[in-house]
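Only one structure is covered here, and it is reproduced in the block below.
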Amino acid sequence: MLGTMDDMSQYREYMKQALELARKGAGWVNPNPLVGAVVMRDGEVLAAGYHDCYRGPHAERMAFDYADAHGIDMCGATVIDTLEPCCHVGSQPACTDLILAHGISRVVVGSIDPNPVVAGKGLRILEEAGVKVVRDVMRSECDAINRHFFHYITTGMPYIVDSRRRVGESDAEYAVRRRELYATYAAVLAGTESDVSDESFAHFDGPVQSVGADEVVIGRHKPLLLKTSTLAGADPDEWLHELGKCKIDSLIVERDEAFERLSTACQKD
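All residue numbers for the sequence shown refer to the UniProt record's numbering, where the first residue is 1 and numbers rise by one.
If you want it as structure tokens, here you go:
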């Protein structure tokens, strides 16, 4: 369902706000997606939220909790969501249930969630309950912030990036790009264990796990539950699927030899 040109312009403005909120979860929600939500009515923002940590409240719940705590009536409001609301109960309640319980009349989404347990089902549930749904608002921007998640959830393997210096990249540009990568990726494939003293690894607080004779994987925020003896010399896809099973959705490759071995799976970032 599409709105008027004025409606669409307004939806885009609020979606920009939702995207800014969603980005705040980068590096903390892995392997979950980045999600931001803004609830508005008659041109006024009533509440907003974002998914800020793995297994933490979803963006919609954060917004509704704020509204409930401040006595804000959500009936007839519009939810602007960067990602399709979930419709299943896991570590958090289904966001579709929360939307219906709060009397929301319209939901505007950027991306469709490719997770098979959602994959359009969330929007169908809302539509069948009488909620108006507007799809694909700033979809390319919403898809882009979740490129790691989309790749991981559809392949079972982490999104891989080569962090080595690019041709023509200045020292300052290289330093900025590395800081951004290390602040948002879930793990790094480095050289030897002695390399972890490098300040670049300061963002990673997981244990060091050996992979092969002279490479290590360092997890972010949580332990890597890897039987590394089964990975040494393994087929790259099998090795990456093992990382995926450990909920590693994104991987920085630091070592030339490792990059050559995994080059067919490496993404541009």
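C-beta atoms are modelled at their ideal positions from N, C-alpha and C, and glycine is treated no differently. These figures come from a predicted structure and were not determined experimentally.
Under the three-state reduction of DSSP, which class applies to R177: helix, strand or coil?
helix
Rounded to whole angstroms, how far is the Cβ of V108 from the Cβ of I80, which I believe are closer than 8 Å?
5 Å
The alpha helix (DSSP H) with G244 in it runs from where to where?
P236 to K245
Give the secondary structure of Y11 by DSSP, where H, G and I count as helix, E and B as strand, and everything else as coil.
helix
Report yes if the C-beta distance between L243 and P158 is below 8 Å; otherwise report no.
yes
Are residue 284 and A183 close, meaning C-beta to C-beta below 8 Å?
The requested residue 284 is not part of the displayed model; the chain covers only 1 to 269.
Do you know whose CA, among L126, S170, N146 and A129, lies nearest R115's CA?
Correcting the residue type first, residue 115 is Asn in the shown sequence and not Arg. Here the closest residue by C-alpha is N146.
Looking only at its chain, what residues have a beta carbon closer than 7 Å to the beta carbon of V38, apart from the 5 residues adjacent to it on each side?
Y14, Q17, A18, V45, A48 and I80
Verify whether the separation of the beta carbon atoms of A77 and I104 is less than 8 Å.
yes
Count the C-beta pairs between the region 47-61 and the region 120-135 that are closer than 8 Å, then say yes if the count reaches three, no if not.
no
Tell me the DSSP secondary structure of E44 in three-state form.
strand
Name the two residues that bound the continuous alpha helix (DSSP H) containing S140.
R139 to I145
Under 7 Å Cβ to Cβ from H148, same chain only, skipping five residues before and after it: list those, please.
Y159, D249 and S250
Residues in its own chain within less than 7 Å of R55 by CB, not counting five upstream and five downstream?
S91
Taking buried to mean at least 16 other C-beta atoms within 10 Å of its own C-beta, is V161 buried or exposed?
buried
Close beta carbons around D113, own chain, < 6 Å, minus the five adjacent residues each side:
L83 and E84
Where does I248 sit, in a helix, a strand or coil, going by DSSP?
coil
Once DSSP output is grouped into helix, strand and coil, what is the label at A129?
coil
Residue burial classification, Y11 (beta-carbon count within 10 angstroms, cutoff 16):
buried
For L123, does the three-state DSSP call read helix, strand or coil?
helix
Close-in-space but distant-in-sequence residues of the same chain around L100 (CB under 6 Å, 5 per side omitted):
A129
At 4 residues or longer, what runs of the alpha helix (DSSP H) sit wholly inside the region 46-131?
59-69, 95-101 and 121-128
Mind checking who G36 pairs with in its DSSP beta bridge?
Y50
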